[in-house]
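Trainee: Numbering (our numbering), first residue to last: 704 to 1239.
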């Protein structure tokens, strides 16, 4: 009787599943038929001539925007362009470039490479590439930089109002994930990791081996401003510090194939050396996996600011005719079970605003310490003030630190590890930022400004005073955020001034002596009692 009941329940459950699957497939087929018919009607009956590829790209992009910013569609042209930019046929001139105020601007120069040898400096504006105006910030300019090793390129550089033509020969070079590593005077080793690309774990391993040979007494692994990258590199980096067969991260999904567990596969380099991980609001994805795993396994003290909270996993899927899409398939979870993801993109509120997940659940590390899943990784030791607005990210987005640093007077200034801003420079920077204009990325600000703009276009009167009041309130909030984060802003501004005036080696001499995060990490690693107190 019991066996018969179990069989009946199984059959009933199977029928329910098949019924649900059949409904899902019917609904998908139904919606595709509607979409297909609408698309055909537009292209055959619309009053003006249409561009089918443009319509599809717009339609698909709009559909995907309802999900999350990481689920994206790439046309065949986008795919081919990406391949070109990442292939061996693209060789760098030895400089980082960025569009600032619609001008292609040099933001960094690598020592000894083509741009440096030709005398190119940070702040120089490239007006032409091989005689073609470099004014396409949508990607066309990048195509002008393509070419094989030893190929020549003609740059027209604009500096101090004067134009100058420079002929540069491209060379092949690899941008390192670990740009430098140092053994500090107090016996602490410092390893900055800027990305998780192919070979990053090997670079960290090599740096760690050198530091261990030099008898380092502690290690600082700096993951600040690291946006993430390859998951397997993150797992391998954790493996350098923890035993074999330890869980580093898991992924969970509605699709069974994407429910995966990632563990360490090798014997570590060192399970005993004291370790501090530095993070901030721009540490994301793979950075958060490393920080979260080492925190959960009680292998490191995490120092800094709350991380970004990017816990969504993407896979690239091929589409017909050479197109492809990147789709979110699962979420990351740390060894204790914490979800890294901060923002809930699916359940937006009525106005379309993306909210954070409402969670503050308690989880436990290997030794029983309490940790929380409040979006991203929370440091064991927080540094600096916490503003309700992400002012620093807003200033960086508009390259305001770089612009001010580039214009900073060089008269009588000695750029070495003793450099500091003069009295009044912070106020000048604040004035400069308000003059240039910046927004805090607030939905309220965007909504109200759009409302005022619409009112002006529709000829509605009487909104001027309200608009002025809004601008006044926003300025007051921005000013308060500036003052709250004064020390952080001064530190970043000094580092940026040094960065664009000195080569990497000299920059790190200044950075390691003056950076507040590094100072705090050094303090922990030089005090055994304080360091180990964080694991109790």
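Every residue, glycine too, gets a C-beta built ideally from N, C-alpha and C.
Rounded to the nearest angstrom, how far is the Cβ of residue 1085 from that of residue 1008, given a contact under 8 Å?
Mentor: Numbered from 1 along the chain shown, position 382 holds the residue referred to as residue 1085. Numbered from 1 along the chain shown, position 305 holds the residue referred to as residue 1008. Rounded, the Cβ-Cβ distance is 7 Å, consistent with contact.
Trainee: Under 8 Å Cβ to Cβ from residue 1116, same chain only, skipping five residues before and after it: list those, please.
Mentor: Counting from one through the chain shown, the residue named residue 1116 turns up at place 413. Here the set comprises 1122.
Trainee: Please return the same chain residues whose Cβ sits closer than 7 Å to the Cβ of residue 1148, not counting the five positions on each side in sequence.
Mentor: Mapped onto the chain shown, residue 1148 falls at position 445. Excluding residues within five positions, the ones whose Cβ falls inside 7 Å are 1142, 1177.
Trainee: Using a 10 Å radius around the Cβ and a threshold of 16 neighbouring Cβ atoms, would you call residue 798 buried or exposed?
Mentor: Taking the first residue of the chain shown as position 1, residue 798 is located at position 95. Looking at its Cβ environment, which holds 16 or more other Cβ atoms inside 10 Å, residue 798 is buried.
Trainee: CA-CA distance, residue 1004 and residue 1089?
Mentor: In the chain shown, counting from the first residue as 1, residue 1004 sits at position 301. In the chain shown, counting from the first residue as 1, residue 1089 sits at position 386. Distance between the alpha carbons of residue 1004 and residue 1089 is about 20 Å.
Trainee: Once DSSP output is grouped into helix, strand and coil, what is the label at residue 993?
Mentor: The sequence position of residue 993 within the chain shown is 290, counting from 1. Residue 993: helix per DSSP, three-state reduction.
Trainee: With a CB to CB cut of under 7 Å and the five nearest residues on each side skipped, what residues in its chain are close to residue 764?
Mentor: Position 61 of the chain shown, counted from the start, is the residue given in the question as residue 764. If we look at residue 764 and ignore the five residues flanking it on each side, its Cβ neighbours are 776.
Trainee: When the Cα atoms are used, what is the spatial distance from residue 1013 to residue 984?
Mentor: Along the chain shown, one-based indexing puts residue 1013 at 310. Along the chain shown, one-based indexing puts residue 984 at 281. Each residue's Cα considered, the two are about 11 Å apart.
Trainee: So, under 8 Å CB-CB, residue 994 and residue 973 are touching, yes? Tell me the CB distance rounded to an integer number of Å.
Mentor: Position 291 of the chain shown, counting from 1, holds the residue named residue 994. Position 270 of the chain shown, counting from 1, holds the residue named residue 973. With a Cβ gap of about 18 Å, residue 994 and residue 973 do not count as contacting.
Trainee: By the three-class DSSP mapping on this structure, what secondary structure does residue 884 have?
Mentor: On the chain shown, residue 884 is found 181 positions in, with the first residue counted as 1. DSSP places residue 884 in coil when its eight states are reduced to three.
Trainee: Does DSSP put residue 1019 in a helix, in a strand, or in coil?
Mentor: Taking the chain shown and counting its residues from 1, the one referred to as residue 1019 is at position 316. Residue 1019 falls in the strand class under three-state DSSP.
Trainee: On the DSSP bridge list, what partners appear for residue 1067?
Mentor: The residue labelled residue 1067 in the question sits at position 364 within the chain shown. DSSP output for residue 1067 lists 1073 as bridge partner(s).
Trainee: State whether the stretch 894 to 903 contacts the stretch 931 to 951, with contact taken as three or more CB pairs (one from each stretch) at a distance under 8 Å.
Mentor: Result yes; three or more Cβ-Cβ pairs closer than 8 Å.
Trainee: Could you spell out the range, first to last residue, of the alpha helix (DSSP H) harbouring residue 1153?
Mentor: By one-based count along the chain shown, residue 1153 stands at place 450. 1146 to 1160 is the extent of the alpha helix (DSSP H) around residue 1153.
Trainee: Taking just the CA atoms, how far does residue 975 sit from residue 1231?
Mentor: As a position in the chain shown, residue 1231 is number 528, starting the count at 1. As a position in the chain shown, residue 975 is number 272, starting the count at 1. Roughly 12 Å between the two C-alpha positions.
Trainee: In terms of alpha-carbon separation, which member of 925, 856, 954 lies closest to residue 982?
Mentor: Here residue 982 refers to the residue found at position 279 of the chain shown. For residue 982, the nearest C-alpha among the options comes from 925.
Trainee: In this structure, does DSSP put residue 790 in helix, strand or coil?
Mentor: Stepping through the chain shown from its first residue, residue 790 is reached at position 87. Only weak support is given to the placement of residue 790: the predicted model assigns it a pLDDT of 48, under 50, and the value that follows is read from those uncertain coordinates. Looking at residue 790 - three-state DSSP - the assignment turns out to be coil, as it is neither helix nor strand.
Trainee: I'd like the span of the beta strand (DSSP E) that includes residue 965, first residue to last.
Mentor: Residue mapping note: residue 965 aligns to position 262 of the chain shown, counting from 1. That run of the beta strand (DSSP E) goes 963 to 966.
Trainee: Return helix, strand or coil for residue 910, following the three-state DSSP convention.
Mentor: Taking the chain shown and counting its residues from 1, the one referred to as residue 910 is at position 207. In this structure, residue 910 counts as helix in the three-state DSSP scheme.
Trainee: Hey, could you find the ends of the beta strand (DSSP E) residue 955 is sitting in?
Mentor: Residue mapping note: residue 955 aligns to position 252 of the chain shown, counting from 1. From DSSP, the beta strand (DSSP E) with residue 955 extends over 950 to 955.
Trainee: Measure the alpha-carbon distance for residue 1229 versus residue 919 and round it to whole angstroms.
Mentor: The sequence position of residue 1229 within the chain shown is 526, counting from 1. The sequence position of residue 919 within the chain shown is 216, counting from 1. Roughly 12 Å separates the two Cα atoms.
Trainee: Would you list the residues sitting across from residue 684 in a DSSP beta bridge?
Mentor: Since the first residue shown for the chain is 704 and the last is 1239, residue 684 is missing from the structure and cannot be characterised.
Trainee: Taking Cβ positions, are residue 832 and residue 856 nearer each other than 8 Å?
Mentor: Within the chain shown, the letter at position 129 stands for residue 832. Within the chain shown, the letter at position 153 stands for residue 856. Taking 8 Å as the Cβ cut-off, residue 832 and residue 856 qualify as a contacting pair.
Trainee: Identify which residue in 1006, 1107, 903 has its Cα closest to the Cα of residue 1202.
Mentor: On the chain shown, position 499 is the one that residue 1202 refers to. Residue 1107 is the option with its Cα nearest to residue 1202.
Trainee: Under 8 Å by Cβ, that's how I've got residue 1036 and residue 952 pegged, so tell me the actual separation to the nearest angstrom.
Mentor: Counted from its first residue, the chain shown places residue 1036 at position 333. Counted from its first residue, the chain shown places residue 952 at position 249. Correct: roughly 7 Å between the Cβ atoms.
Trainee: Roughly how many whole angstroms lie between the Cα atoms of residue 927 and residue 988?
Mentor: Reading the chain shown from its first residue, position 224 is the one you call residue 927. Reading the chain shown from its first residue, position 285 is the one you call residue 988. Whole-angstrom Cα-Cα distance: 12 Å.
Trainee: Are the CB atoms of residue 891 and residue 998 nearer to each other than 8 Å?
Mentor: Residue 891 sits at position 188 when you count from the first residue of the chain shown. Residue 998 sits at position 295 when you count from the first residue of the chain shown. Against a cut-off of 8 Å, the Cβ pair of residue 998 and residue 891 comes out as no contact.
Trainee: Just mark residue 1313 as buried or exposed, buried being the case when its beta carbon has 16 or more other beta carbons within 10 Å.
Mentor: Missing from the structure shown is residue 1313; the chain here goes from 704 to 1239 and no further.
Trainee: When DSSP labels each residue in this structure, what does residue 861 get in the three-state scheme?
Mentor: In the chain shown, residue 861 corresponds to position 158, counting from 1. Of the three classes helix, strand and coil, the one that applies to residue 861 here is strand, per DSSP.
Trainee: Would you kindly check if the distance between the Cβ of residue 1185 and the Cβ of residue 1046 is under 8 Å?
Mentor: As a first step, residue 1046 is located in the chain shown; it is residue number 343 there, counting from the start. As a first step, residue 1185 is located in the chain shown; it is residue number 482 there, counting from the start. Against a cut-off of 8 Å, the Cβ pair of residue 1185 and residue 1046 comes out as no contact.
Trainee: What are the boundary residues of the alpha helix (DSSP H) that includes residue 798?
Mentor: Stepping through the chain shown from its first residue, residue 798 is reached at position 95. Segment 798 to 803 is the beta strand (DSSP E) holding residue 798; no alpha helix (DSSP H) there.
Trainee: Can you tell me which of 1167, 1104, 1196 puts its alpha carbon nearest to the alpha carbon of residue 686?
Mentor: Nothing about residue 686 can be read from this structure; the chain reaches only from 704 to 1239.
Trainee: I'd like the span of the alpha helix (DSSP H) that includes residue 1191, first residue to last.
Mentor: Residue mapping note: residue 1191 aligns to position 488 of the chain shown, counting from 1. Unbroken alpha helix (DSSP H) run through residue 1191: 1189 to 1204.
Trainee: Roughly how many angstroms lie between the CA atoms of residue 917 and residue 1213, to the nearest whole one?
Mentor: What you label residue 917 is simply residue 214 of the chain shown in a count that begins at 1. What you label residue 1213 is simply residue 510 of the chain shown in a count that begins at 1. C-alpha separation (whole angstroms): 22 Å.
Trainee: Which term fits residue 729, buried or exposed, when burial requires 16 or more other beta carbons within 10 angstroms of its beta carbon?
Mentor: Residue mapping note: residue 729 aligns to position 26 of the chain shown, counting from 1. Classification of residue 729: exposed, given that the 10 Å Cβ count is below 16.
Trainee: Among 753, 964, 887, 906, which has the Cα closest to the Cα of residue 936?
Mentor: Looking up residue 936 in the chain shown gives position 233. For the residues 753, 964, 887, 906, the minimum Cα distance to residue 936 belongs to 906.
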